[in-house]
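If you read the sequence shown in the working numbering, its first letter stands for residue 72, the second for the next number, and so on. By construction, the Cβ of each residue, glycine as well, lies at the ideal position given by its N, Cα and C atoms. Here the structure is a predicted model, which means the values were calculated and not measured. A short write-up of the structure that comes next.
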Amino acid sequence: MEVKPLNVLEIRNAAFSYDDVENIFEGINLTVDKGDVVCILGPNGCGKTTLIKCLNKLHELKEGAVYINGRNIKDVNQREIARNIGYIPQGHIPTFAFSVLDVVLMGRSPHLDFFETVGEEDYKISENALKKFGLYEMRDKSYTSLSGGEQQLVFFARVIAQEPQILILDEPTSHLDFGNQLKTLDVISKLASDGLSVVMTSHFPDHAFISSNKVAIMKDRGFMDIGRPEEVITGSNMEEAYGIKVEIVDIGYDRKVCVPIKTVE
């Protein structure tokens, strides 16, 4: 009998509270397989970022559990988590004027022993990550001299150099211009096709149509719907989640877009 492989990432009956009184979210269940791109949508304040932080042990769940390759994340130390999960938060405040290449090389630290320095292979991996985002030519520039959008792309290259199994991305296209948004989504799709698993949050349903094979809409402390983008991103779901009327339009090129029409009074 064929044995089904374990989910790369699994959330079981998860609940979280900051004050131990009122839950930010509860009853959250999600499975992420190899090569999945899961996009979590939902209005401001619904708990998307809080959930994302629970996935890599930055917050501890009140109830339920998160599993990485079948292991409860509570039993996994931060170093091992960093070898398996790459995380990009919404914002990053640089403190030192490291070069762009040095910032990306920091992504290799989970793979180094204590007091071990980066080697030739680490440089090669980091330079290839920069090339994915067209950043190689600025590798010697100071990270602090870059624009916010450029810094976001460098941070993305850093997490790619980390070579994780899972990418957890909190609004990965924030601060990016129109072209770099699409470039980033294309890279996410390519990484998934190579076997990487991705969980990301977004405020843009169109981004889920472009890069995701699974969508969860978060509202009222839980997932109101979850499934394939074309099944979940519907006019009725968008109205319930965001309080606006939308039209889902097929524009060709095997693409759909979510067009806002008006607010619901």
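Only counting the same chain, and skipping five residues up and downstream in sequence, which positions put a Cβ closer than 7 Å to that of residue i?
i: F294; result: I99, A287 and I288
i: C117; result: M289 and K290
i: N155; result: I139, P235, Q236 and I237
i: F275; result: none
i: G113; result: K119, I288, M289, K290 and A312
i: L206; result: V171, L224, V225 and A228
i: R150; result: P181
i: V147; result: I139
i: N84; result: G98, N100, E134 and G135
i: D277; result: V328 and C329
Compute every distance between the C-beta of residue i and the non-hydrogen atoms of the ligand FMN, then say whether any falls below 8 Å.
i: E93; result: The ligand FMN is not part of the structure shown, which contains no ligands of any sort.
Please work out which residues of its chain come closer than 6 Å, Cβ to Cβ, to residue i, disregarding the five sequence neighbours upstream and downstream, and give them in chain order.
i: V109; result: V103, V270 and K285
i: Q233; result: G157 and G178
i: A153; result: P181
i: K333; result: K316
i: G106; result: A263 and G266
i: Q252; result: T244
i: A168; result: S213 and T215
i: I144; result: K128 and V137
i: L101; result: I82
i: E73; result: For E73, the predicted structure reports a pLDDT of 45, less than 50, and the residue's modelled location is therefore unreliable. The matter cannot be settled from this model.
Indicate the three-state DSSP secondary structure (helix, strand or coil) for residue i in the structure shown.
i: L172; result: helix
i: D241; result: strand
i: L80; result: strand
i: Y138; result: strand
i: K285; result: strand
i: F87; result: strand
i: F204; result: coil
i: I231; result: helix
i: V108; result: strand
i: S197; result: helix
i: G178; result: helix
i: G219; result: helix
i: F280; result: helix
i: L224; result: helix
i: Q236; result: coil
Quick one: residues in its chain with C-beta nearer than 8 Å to the C-beta of residue i, no 5 flanking neighbours on either side, listed in chain order?
i: R326; result: F280 and I281
i: D212; result: A small correction: the amino acid at residue 212 is Lys; Asp does not occupy that position in the sequence shown. Closer than 8 Å at Cβ, skipping near neighbours: S170 and V171.
i: N94; result: A86, F87, S88, K133 and R292
Note the first and the last residue of the continuous beta strand (DSSP E) segment covering residue i.
i: I156; result: I156 to I159
i: I99; result: F96 to V103
i: S268; result: S268 to T272
What does residue i pair with, by DSSP beta-bridge criteria?
i: E318; result: V330
i: N143; result: Y138
i: G293; result: K290
i: S213; result: S170
i: G116; result: Beta-bridge pairing links G116 to no other residue.
i: G190; result: Answer is none; G190 lacks a bridge partner.
i: G323; result: R326
Would you mind reading off the limits of the alpha helix (DSSP H) that contains residue i?
i: L253; result: F249 to S264
i: L122; result: K119 to L126
i: P300; result: P300 to V303
i: S307; result: G306 to Y313
For the putative contact between residue i and residue j, defined by C-beta atoms under 8 Å, what is the C-beta separation to the nearest angstrom?
i: D241; j: P160; result: 5 Å
i: V128; j: A86; result: This sequence places Lys at residue 128; Val is not what is there. Not a contact, Cβ separation roughly 16 Å.
i: C329; j: I322; result: In fact, because the Cβ distance is near 11 Å, the residues do not count as touching under 8 Å.
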